[in-house]
Structures are given as structure tokens and as C-alpha cells.
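Notes follow once the structure below has been shown.
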DNA sequence: CTTTGAATCTCGTAT
DNA sequence: ATACGAGGTTCAAAG
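Protein chains in written order, with our numbering: chain A, 1 to 260; chain B, 1001 to 1260.
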């Protein structure tokens, strides 16, 4: 439980520093609202002038500096960073997050701290359910007819030497079929499938391509049409229905006759 | 200034609700650390079980639910969402962020609030300096010789019917050159240039391709080599130097003899 | 270790 | 509105 959540209001540099050092030592979840400037050195370089921001330090080393607007942090460090706090020569608190590979460094120069809080967040392993590309692929394997009547799947995640094809099988007439699954298929998705087909052709395999997605861009459809690639649009609702029915009474998925 | 930062510790549902409603009405920057469960419906669907999390609500409608680990929020809404707070039938606070296009909804069911804070973050327009693809492109236009001696640029951001070529010009021998600029060039970057070249070829223009980047993947180099595309690696330091010298004494960039 | 592809990617910009 | 490309993308999986 986070009942041990502690906080300090308008701390002096000394108070803030000891608060942060203690929280960092306990690998706590730390919040800090402060007027600060920020400097980043690494894959790029940025210098951010003075302003009010939210700093979040997580136990896994994730480090976020959030500005007053926008989804993305204005500066950050991904998980795994080493976070330290110390005093500068002129008595200001500096919070620093560094990463070794690649070398990156974010430094926050605190000018005035409004509020700092720290505590341990308790979170049980969370069953997070979602409707992803993976779900769509699963639904296709459960009910291949949604792609094309009589189609028959074999290999999934088949390495083609240039990425991997999502699903490979044969259609009713026995022709090899490569299925590429996307949530939203744009041209790059269609190009991906085309790369697989081209590669297979190099191997001497003549194969059809089918794109399955919740939606397609015009570019994707045009690209596909020009290369005789079929586009199958599926509604999320249908996928949900298939997955839910499957969960209630899981039949057997039969994988056979794939490429060998 | 954020001196008007207010906060409440362990508020009751009623206290929390009025705190949030007031803060939302003032379009304040809002923080909330609470035990909660989260539900998302929209482009995907997720259900997140009960746990301690940080909720951030920004004045532009950005909405973030952060878990105890990781760079990315576990649930969110990008800027532009409409955020409301209300009581459920059983007296719990629900915070909801909705977006119209595409329709998306995040609902946070508060079970216990540890700390809530709200205030106005003041941030002057920030001079954020960085070394981007744009910087690299600028450096190339300032000093074309870094790409190839005697090269001569004309059009920039030239529409080719399938995206746009970064820079188009002619080399010393008068051959049309298409330059694609990337920070880190992977295969997809090389493919992009190849699309332009292919398109130009369809138009009857025979052109060379040059990739300029801070670094290349092996795949990109292989792809390029197979198609006689030249790869030019540039050091960030050199770009920084060119840009800094330019800022000190800006000469004239001469654009001439592009394609017409 | 690097490479590849997904993501509720977000965000800007041009059409 | 839609589409395309950039991003310090991050992240996980696979070779």
C-alpha cells in the first residue's frame, strides 16, 4: 500500500536534497513539481530553459520530465537509468539520470521546488486485456473462413529471410498463401507482404498474398491491387465475438499442411 | 508561477470530487496518486485491475495514467481529450477522459486517493535546442561538399508522387542526384529513396541516389549497395560545427539548377 | 549483443 | 479529414 506516501511542501534545497536522497535509497516512486531548467546530452542534445515542470522518478529508473502540455515528456530517460541527486557549487539541487548504453544524461537544475512526494506504489500483476494485432491473428487461426472459404493454415511467424510472414498456408486450390495481419494496414504493411512474396519467388515458390486488417489506407489498397494481393477487412466486433466464443468453448485449432 | 499549487492528502471521495471539479474548471495541471482500476475503450480495449497509480491531467486535455514502472503510461489520452470527474452510484470517484475522433474513452475508478495536487504551471516559450534530421539537412545545404565534392543542390522537399525527396540536385557531371537525409538510416530509409528513384525512372529521369545519415544499419548499406546508392556517414560533431559557424557568419545559400 | 516489428504509438505538416 | 514521415520514439521478441 502507498499509505507510506510522504511529501514536503516548498522545501529548501537542503530539505529537498535529503528528501530525494532518502527516497532514491528506498527506490521509491518520486514526484516533484518544480521550477527548473533541463539539459539532455546523448543521442541528441537539448537545452530546456527555466519553467515549471513535473518530474517523475520510478523505481525501475524510468525518468520523466513533463511540461504543462502534451502527451510526451519534454525530457526523459527510459527504464534502467541511474538517478542521483546532489548539490551544485551554488547550492542548487540537481537531479541527474544517466544511462550507459547508449550513453545519455538528463540533468534537471531545480530553481524552486513547490511539492515533492515519494512512496511505494503497490500493484498486483495486472490482467490487462486488449485487442491487438495478436488478437486478430488468433481470431484468424480460430476461424480461417473469415479470411477466405476453404483456406487452410500451416506455419505461423514463418521466417522468410527478410522478416517473418505472419501466417502461411494453402488456399482451396492448393496454392501457397501468405497472410499478413495488421491492425491498420498502410502502404508499408502491404510492402512488407510484397517483400515476403518476392523472397518466396526467389526461392521458386509461387504464392498468393492476403492482407487482413481492421482497416486499410487507399495507398495500401492501390499497392495491393497492382500486385494482385487480396485485402480482407475485418470488424473488431467480429474478432471480439470469435475470441469470446473461443474462450467459452475452446475447440481445437488444427494446424496442418504448412510449408515444409 | 505555480505558488498557487494546492494539495489534499487522503481526501474522502467527496473532498476529492470537489477538488478535482474545481481544478478542472480552472484548467489546472492536476496530479493524483491513488489506488484505482482503469478501463479503456477505443482503438483497442484494455481493462486494468486494481493498483496504485499516478494520474496526470494537463490543461490541454492530455491524460496519463502511470504505473510504478516504465517510460510509457499504462493508459492515456493524447491532448485534446475532455476530462470530467463524477461520482458512481456506489459513491466512488470516476475520472473520465474522452475524445471524439476517433472515439476513445479512459475511465479511472478511484478506490482510495493518497494525494491530489493542482496548480498552474508557468512556462515561458522554451528555447529547446536539438540536433535533428532538419539540422542535418540544413548543414548539407550550407556545405554540400560534405556529401560529395562539386555537388549542386536545387529543390528541397521535392514531391515525387510517392512521398517527397529530401533534396534534389545535380552532381559534378550533371547527373540528377536525389539525396535522402536520415538521422539513423535503416533499411526502410534506403527503401524510401529507392521508391523515389524508381518513380523518377518511370518519369524517364535517370538519377543517382545518395543517403546521408549519422549512422547506417548493415541492412541499409546492403540494400543501398545492391542498387548503387551511395551512403555518406556524417558525424554529429561536424554538423554542430557547420551550424555554429553558419550562425556566427551566415553566408548565402545558393539554390540553383534544380529540376524544373 | 543487434535487428525487427508493434503501438490506443504521438505529433506536425501537407494535401 | 487523411496520409506521410519524424522521433532522443519505447518495448518486447528473436537470432
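We put the CB at the ideal spot given by N, CA and C, even for glycine.
### Task
For chain B, find out if any of its Cβ atoms is closer than 8 Å to the Cβ of residue 102(A); answer yes or no.
False, the Cβ-Cβ gap to chain B never drops below 8 Å.
#### Entry: Assumed close pair residue 1229(B), residue 1200(B) - CB separation to whole angstroms, cut-off 8 Å
Under the criterion of beta carbons closer than 8 Å, residue 1229(B) and residue 1200(B) do not qualify as touching, at roughly 13 Å.
### Residues near residue 1243(B) in its chain [Cβ-Cβ closer than 8 Å; skip 5 each side]
Within the same chain, Cβ atoms closer than 8 Å to the Cβ of residue 1243(B) are found at 1135, 1138, 1139 and 1142, the five residues on either side in sequence being excluded.
### Interface positions of the stretch 1139-1161 of chain B facing chain A (Cβ-Cβ less than 7 Å), listed along the chain
Residues of the stretch 1139-1161 of chain B with a C-beta atom less than 7 Å from some C-beta of chain A do not occur.
### Message
For a minimum of 3 consecutive residues, which ranges assigned as the beta strand (DSSP E) are wholly contained in the stretch 1024-1057 of chain B?
### Response
For the stretch 1024-1057 of chain B, whole beta strand (DSSP E) runs of length 3 or above, ordered along the chain, are 1029-1041 and 1045-1057.
### Query
So what's residue 120(A) in DSSP terms, helix, strand or just coil?
In the three-state DSSP reduction, residue 120(A) falls in the coil class, being neither helix nor strand.
### Reference residue 1160(B), options 1227(B), 1109(B), 1185(B) and 1197(B), closest by Cα
The shortest Cα separation from residue 1160(B) among 1227(B), 1109(B), 1185(B) and 1197(B) belongs to 1197(B).
### Contacts that residue 243(A) makes with chain B (C-beta to C-beta distance below 8 Å)
Those do not exist, as residue 243(A) stays about 11 Å from chain B at its closest Cβ, beyond 8 Å.
#### Entry: Distance between residue 99(A) and residue 165(A) (C-alpha atoms, nearest Å)
Cα-Cα distance, rounded: 35 Å.
### Task
Could you tell me how far apart the beta carbons of residue 1024(B) and residue 33(A) are, in whole angstroms, since I believe they sit closer than 8 Å?
The C-beta separation of residue 1024(B) from residue 33(A) comes to about 18 Å, leaving the pair out of contact by the 8 Å criterion.
### Message
Strictly under 8 Å for the Cβ-Cβ distance: is residue 114(A) near chain B by that measure?
### Response
Under the Cβ criterion of 8 Å, residue 114(A) is counted among the residues facing chain B.
### Message
Using a Cβ-Cβ distance cut-off of 8 Å, determine whether residue 111(A) contacts chain B.
### Response
No, its Cβ sits nowhere closer than 8 Å to a Cβ of chain B.
#### Entry: Range of the contiguous beta strand (DSSP E) that encloses residue 1184(B)
Its beta strand (DSSP E) spans residues 1176-1185.
### Task
For residue 1007(B), collect the residues of the same chain with a Cβ closer than 6 Å to its Cβ; drop the 5 residues on either side in sequence, then sort them by chain order.
Residues 1117 of the same chain have their beta carbon placed closer than 6 Å to that of residue 1007(B), with the five preceding and five following residues left out of the count.
#### Entry: Three CB pairs or more closer than 8 Å across the stretch 202-213 of chain A and the stretch 177-186 of chain A
Counting Cβ pairs under 8 Å, three or more are found: they touch.
### Query
Does DSSP put residue 1188(B) in a helix, in a strand, or in coil?
Residue state, collapsed to three classes: helix.
### Message
If you measure between the beta carbons of residue 236(A) and residue 216(A), is that distance less than 8 Å?
### Response
It is not a contact, given that the beta carbons lie outside the stated cut-off.
#### Entry: Beta-ladder partner(s) of residue 64(A), from DSSP
56(A) and 76(A), per the DSSP bridge assignment.
### Per-residue contacts from residue 62(A) into chain B (C-beta, under 7 Å)
Those within 7 Å of residue 62(A) in chain B are 1069, 1070 and 1071.
### Message
At the level of alpha carbons, what is the spacing between residue 109(A) and residue 1066(B)?
### Response
Taking the straight line joining both Cα atoms gives about 24 Å.
#### Entry: Test: residue 1260(B) CB closer than 8 Å to a CB of chain A
Bear in mind that a pLDDT of 34 at residue 1260(B), under 50, signals an unreliable position, so the model cannot answer this.
### Query
Are three or more beta carbon pairs between the stretch 1080-1093 of chain B and the stretch 75-87 of chain A nearer than 8 Å?
Between the stretch 1080-1093 of chain B and the stretch 75-87 of chain A there are fewer than three C-beta pairs closer than 8 Å, too few to call the two in contact.
### Message
Looking at the secondary structure, which residues open and close the alpha helix (DSSP H) in which residue 1141(B) lies?
### Response
Unbroken alpha helix (DSSP H) run through residue 1141(B): 1133-1142.
### Task
Use the C-beta contact count for residue 1081(B): other C-beta atoms within 10 angstroms, 16 or more gives buried, fewer gives exposed.
Its Cβ being crowded by 16 or more others within 10 Å, residue 1081(B) is buried.
### Query
Who are the near neighbours of residue 1049(B) in its chain, counting only those whose CB is closer than 7 Å to its CB and skipping five residues on each side?
Cβ neighbours of residue 1049(B) beyond the five flanking positions: 1037.
### Distance CB(residue 1156(B))-CB(residue 1172(B)) smaller than 8 Å
Not a contact, by the Cβ cut-off of 8 Å.
### Message
Do residue 1058(B) and residue 1019(B) have their beta-carbon atoms positioned less than 8 Å apart in this structure?
### Response
A distance of 8 Å or more separates the beta carbons of residue 1019(B) and residue 1058(B).
### Task
Return the Cβ separation of residue 1035(B) and residue 1060(B) in integer angstroms, given the expectation that the two are a contact with Cβ distance under 8 Å.
The beta-carbon distance between residue 1035(B) and residue 1060(B), rounded to whole angstroms, is 27 Å. This is too long to meet the 8 Å contact definition.
### Query
What is the DSSP secondary structure of residue 1012(B), reduced to helix, strand or coil?
Coil, per DSSP.
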